[in-house]
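A.B. asks: Be aware that the sequence shown starts at 1, since it is given in the UniProt record's numbering, and climbs by one per residue. Glycine included, each C-beta is placed from N, C-alpha and C at the ideal position. Computed from a prediction, not measured in an experiment: that's the story for all the values here.
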Amino acid sequence: MLKKFDKKDEESGGGSNPFQHLEKSAVLQEARVFNETPINPRKCAHILTKILYLINQGEHLGTTEATEAFFAMTKLFQSNDPTLRRMCYLTIKEMSCIAEDVIIVTSSLTKDMTGKEDNYRGPAVRALCQITDSTMLQAIERYMKQAIVDKVPSVSSSALVSSLHLLKCSFDVVKRWVNEAQEAASSDNIMVQYHALGLLYHVRKNDRLAVSKMISKFTRHGLKSPFAYCMIIRVASKQLEEEDGSRDSPLFDFIESCLRNKHEMVVYEAASAIVNLPGCGAKELAPAVSVLQLFCSSPKAALRYAAVRTLNKVAMKHPSAVTACNLDLENLVTDSNRSIATLAITTLLKTGSESSIDRLMKQISSFMSEISDEFKVVVVQAISALCQKYPRKHTILMNFLFTMLREEGGFEYKRAIVDCIISIIEENSESKETGLSHLCEFIEDCEFTVLATRILHLLGQEGPKTNNPSKYIRFIYNRVVLEHEEVRAGAVSALAKFGAQNEEMLPSILVLLKRCVMDDDNEVRDRATFYLNVLEQKQKALNAGYILNGLTVSIPGLERALQQYTLEPSEKPFDLKSVPLATTPVVEQRTESTPITAVKQPEKVAATRQEIFQEQLAAVPEFHGLGPLFKSSPEPVALTESETEYVIRCTKHTFTDHMVFQFDCTNTLNDQTLENITVQMEPTESYEVLCYVPARSLPYNQPGTCYTLVALPKEDPTAVACTFSCMMKFTVKDCDPTTGETDDEGYEDEYVLEDLEVTVADHIQKVMKLNFEAAWDEVGDEFEKEETFTLSTIKTLEEAVGNIVKFLGMHPCERSDKVPDNKNTHTLLLAGVFRGGHDILVRSRLLLLDTVTMQVTARSSEELPVDVILASVG
């Protein structure tokens, strides 16, 4: 008899989990009841429930004890109690991968599957398929085919879903059941039709033509099941994406026709598919947006939520397409469901005009405390987008964000606000001091270490450049006095940056750092001692190299290189140029994401892509003596079309004086094996091909790799840009497609590949300089050169900046790749490292009249990198 709990009992824990104190041994002891006669169905069902509970809670059952319990449970098939029988099916499925010899219940399940009791047949099919492996599947194939076309929907659906699971291990067997699945797909039952369609798709999904025929067939004859419609829409949109989404395709017409379906779920699925198709313009989006607009006034909260959430997504890329829905969205701002109201307001923020911002912000304020952090983050993201759109409104938006920052909230919510304030500061110089002041107040009682260290890093970066930098020192030093070691260490670094950039404040900073030398924590003491010694030298180059810009090498790479150096003692001093570079500054990586406690406990770090290449190339005898790998191209270059008989992709590896071209080859012909494969290269410039390392064999569909080693130009070292004509040479041997055995001596053949380009970007690694001016002064003007060029084919500054950054392969510093609106002059600051480990800095001044004129000034610690930059631009 069930006990009735009232509310008071619930609050006092009266309605707690009755299974929470179960012990495995006691439950398995109880399972002996299964052997008793007569069987007590209620008691046995309760024990099976306990066993299932233990398994689902992660309790480990040993093979022996699981097998004993399983064999005892099989005796329960003697009972005809329906509840007990269905509990048996569930237990069989759960224990199939733990117990041994579960196949013993096959005959019992087969009997239930083909019996007259419809309630048993569906679950029996599912349990039988769970315990049947690929070798036993053919024995029940006849029963499965009958079950798929069974007139009872639950049996048919069970067979179809089980077939879908069996595809993973027995694809060839299940593939033979396609005719039965086709018959089931014409069922009047909506779930049977949906499951049949799912099975047919998964059988054919690797055959694009078969999928197209299937879509065509079902779209032509129509479907009864809204679930099946939703699935066919998803399949059609996937096909469209693979075909680069032509809007003239019948697939797109089908999806659009579903916008007029009588089922709301189908209409929404079609609208969602159109919205998510890449490259959709406002014209294609219009019918989908109209449907979503109608849903905004639906009496069903789920439909209103779906519509406004999808419109919110559209507004990110096509705000103009959603403008027509603004009136409906404004009506949703007062919706009783706060999730809908939040999404409505954030969508309006993305599509509304500048004049409506004040009103919308007041409406948001009225219910911010009532919504979850997840939706608060959505609001913050919308405000961030709004700041970029209407920079003049930064004061109102910043004040609103700061109010949110002071309220209660979790880490993700607070991080979103801090990210937003930082992006406003970076985008809008007028907002810098206001934003920094807000962040200073926030870290006074910030409970999140990651956010505190990030803000301290920002203060160290931006604070010294403000009109009154001294006002930030109090907030930073308070962290040294009041916070734990991670934050104290970040504060010490921030103080050092103020001292490195402001001579008037240097004496005060030195006093504060001397106090930090006595700190309890090793990290804080070490930083303070290091910065104190550097600052006391009063040298700009030292300040730039060791405080303002820091290391540009990969920390895991540095760790590995130092470890290797200690294992192989050498008289040569350790060379930092042998360490792979990091594309983002170490200081920023550390303060933003890596707490100091994590650094104190060394862990095995996953090898980077470049380190994997370094290891692979070092294993090739021909490449010994090339030195450390400087750079590998970020993406392989395709030298053939993907549908051709041979697929070749090239990765370029740059060393100090050499380049290695790695060709990854795939043979797509199953009746051929290739041997001794090389790629012969002819350069247009004075590169010299030194040797070819062949791939020994290339069987069907098994990738292989060959290499070509070239020496960089010596007569004219500035001529680094070059085009190589490529020819693959190999020996072809015909083979048996089934066994792969070759049956002849073979013959020589060759295959022309696309030309391969080497550009100046292949010789430069991107690095970021947090303080470009300091880095510029550090390098000095000994090898500075300047030239002016006219970019005759470029008509805008944005295009010029994009082309220069891409062409030189250098990192834009201090957000100089962002061109302000309505400006006809701009300065682009670029930083990189030239092969051999030489810093290269470029200051490019751009002037837009009828065309773009560019004055390039380059500095480096060596002359060659400067000459290479100017020669390549010219």
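Considering only the alpha carbon of each residue, which of 452, 811, 387 lies closest to residue 429?
C.D. replies: Per the Cα distances, 387.
A.B. asks: So residue 693 packs on residue 620, CB below 8 Å; how close in whole Å?
C.D. replies: Correct: roughly 6 Å between the Cβ atoms.
A.B. asks: Ignoring anything shorter than 3 residues, give me the beta strand (DSSP E) runs that lie fully in the segment 443-508, in order along the chain.
C.D. replies: Runs of the beta strand (DSSP E) inside the segment 443-508: none found.
A.B. asks: Report yes or no: do three or more beta-carbon pairs, one from the segment 746-758 and one from the segment 694-702, lie closer than 8 Å?
C.D. replies: The segment 746-758 vs the segment 694-702: no contact.
A.B. asks: Suppose only complete runs of 4+ residues qualify. What are the alpha helix (DSSP H) ranges in the segment 317-372, listed by chain order?
C.D. replies: You should have 319-322, 326-332, 338-351, 357-367.
A.B. asks: Between the alpha carbons of residue 786 and residue 773, how many angstroms are there, rounded?
C.D. replies: Those two C-alpha atoms are separated by around 17 Å.
A.B. asks: Nearest CA to the CA of residue 49: which residue from 20, 36, 68?
C.D. replies: Out of 20, 36, 68, 20 has the C-alpha closest to the C-alpha of residue 49.
A.B. asks: Quickly, what does DSSP pair residue 563 with across the bridge? List them, please.
C.D. replies: For residue 563, which the question treats as bridged, DSSP gives no partner whatsoever.
A.B. asks: Quick one: measure Cβ to Cβ for residue 84 and residue 44, integer angstroms, because I've assumed they're closer than 8 Å.
C.D. replies: So it is a contact: roughly 6 Å between Cβ atoms.
A.B. asks: Given that a residue counts as buried once 16 or more other Cβ atoms are within 10 Å of its Cβ, and exposed if not, what is residue 464?
C.D. replies: Buried, since its Cβ has 16 or more Cβ neighbours within 10 Å.
A.B. asks: Rounded to the nearest angstrom, how far is the Cβ of residue 801 from that of residue 819, given a contact under 8 Å?
C.D. replies: Confirmed, about 6 Å.
A.B. asks: Of the choices 283, 412, 280, 275, whose alpha-carbon is the least far from that of residue 312?
C.D. replies: Checked all of 283, 412, 280, 275; the closest Cα to residue 312 is 275.
A.B. asks: Would the segment 137-144 count as touching the segment 159-173 if we require 3 or more Cβ pairs under 8 Å?
C.D. replies: Touching, yes.
A.B. asks: So, at 6 Å on beta carbons, what are the nonlocal neighbours of residue 87 in its own chain, with the 5 sequence-adjacent residues on each side left out?
C.D. replies: These residues qualify, in order along the chain: 45, 48.
A.B. asks: My output table needs one value for residue 873: the three-state DSSP class, helix, strand or coil.
C.D. replies: Looking at residue 873 - three-state DSSP - the assignment turns out to be helix.
A.B. asks: In whole angstroms, what is the alpha-carbon distance linking residue 567 and residue 522?
C.D. replies: Roughly 27 Å separates the two Cα atoms.
A.B. asks: Just verifying my parser: in three-state terms, what is the DSSP assignment at residue 594?
C.D. replies: For residue 594, the predicted model reports a pLDDT of 36, less than 50, meaning its position is unreliable and no value from the coordinates is stated.
A.B. asks: Residue range of the beta strand (DSSP E) that residue 711 falls in?
C.D. replies: 704-711 is the extent of the beta strand (DSSP E) around residue 711.
A.B. asks: Rounded to whole angstroms, what is the Cα-Cα separation between residue 541 and residue 668?
C.D. replies: Each residue's alpha carbon lies about 57 Å from the other.
A.B. asks: Tell me whether residue 88 sits in a helix, a strand or coil according to DSSP, three-state version.
C.D. replies: Three-state DSSP puts residue 88 in a helix.
A.B. asks: Can you confirm whether residue 186, when its beta carbon is compared against all beta carbons of chain B, has any partner nearer than 8 Å?
C.D. replies: Of the chains in the structure shown, none is chain B; there is only one protein chain.
A.B. asks: Buried or exposed, going by whether 16 or more other CB atoms sit within 10 Å of the CB of residue 26?
C.D. replies: Exposed, by the Cβ-count rule.
A.B. asks: Run through DSSP, which three-state label would residue 57 get?
C.D. replies: Coil, per DSSP.
A.B. asks: Where does residue 516 sit, in a helix, a strand or coil, going by DSSP?
C.D. replies: In this structure, residue 516 counts as helix in the three-state DSSP scheme.
A.B. asks: Between the C-alpha atoms of residue 59 and residue 24, what's the straight-line distance to the nearest angstrom?
C.D. replies: So the two alpha carbons sit approximately 8 Å from each other.
A.B. asks: Out of curiosity, what's the CA-to-CA distance linking residue 96 and residue 141?
C.D. replies: Their backbone Cα atoms lie some 20 Å apart in a straight line.
A.B. asks: Round the Cβ separation of residue 228 and residue 200 to the nearest angstrom and send it over; I've been treating them as touching at under 8 Å.
C.D. replies: The Cβ separation is near 10 Å, so there is no contact.
A.B. asks: Please check the pair residue 33 and residue 70, which I expect to be a contact at CB under 8 Å, by giving their CB distance rounded to whole angstroms.
C.D. replies: Going by Cβ atoms, the distance from residue 33 to residue 70 rounds to 15 Å, so no, they are not a contact pair.
A.B. asks: Straight-line CA distance for residue 894 to residue 498?
C.D. replies: Given that the chain is displayed from residue 1 to residue 874, the structure contains no residue 894 and the question cannot be resolved.
A.B. asks: With distances taken from CA atoms, which of 535, 444, 581 is nearest residue 554?
C.D. replies: Checked all of 535, 444, 581; the closest Cα to residue 554 is 581.
A.B. asks: Please report the Cβ distance between residue 256 and residue 303, rounded to the nearest whole angstrom; I am assuming they are in contact, meaning their Cβ atoms lie under 8 Å.
C.D. replies: Their Cβ separation, rounded to whole angstroms, is 20 Å, which puts residue 256 and residue 303 out of contact at 8 Å.
A.B. asks: Can you tell me whether residue 811 is buried or exposed? The criterion is at least 16 other CB atoms within 10 Å of its CB, across all chains shown.
C.D. replies: Counting Cβ neighbours within 10 Å, residue 811 comes out buried, since at least 16 surround it.
A.B. asks: Give the DSSP-derived three-state secondary structure of residue 603 in the structure shown.
C.D. replies: In this predicted model, residue 603 has a pLDDT of only 44, less than 50, meaning its place in the structure is not dependable; the value taken from the coordinates is given anyway. It is coil, neither helix nor strand.
A.B. asks: If you compare alpha carbons, which of 722, 346, 151, 364 is closest to residue 326?
C.D. replies: Closest option to residue 326, Cα to Cα, is 346.
A.B. asks: With DSSP as the reference, identify every bridge partner of residue 815, one or two as the case may be.
C.D. replies: Looking at the DSSP assignment, residue 815 forms no beta bridge with any residue, so it has no partner.
A.B. asks: Does DSSP put residue 438 in a helix, in a strand, or in coil?
C.D. replies: Correct three-state label for residue 438: helix.
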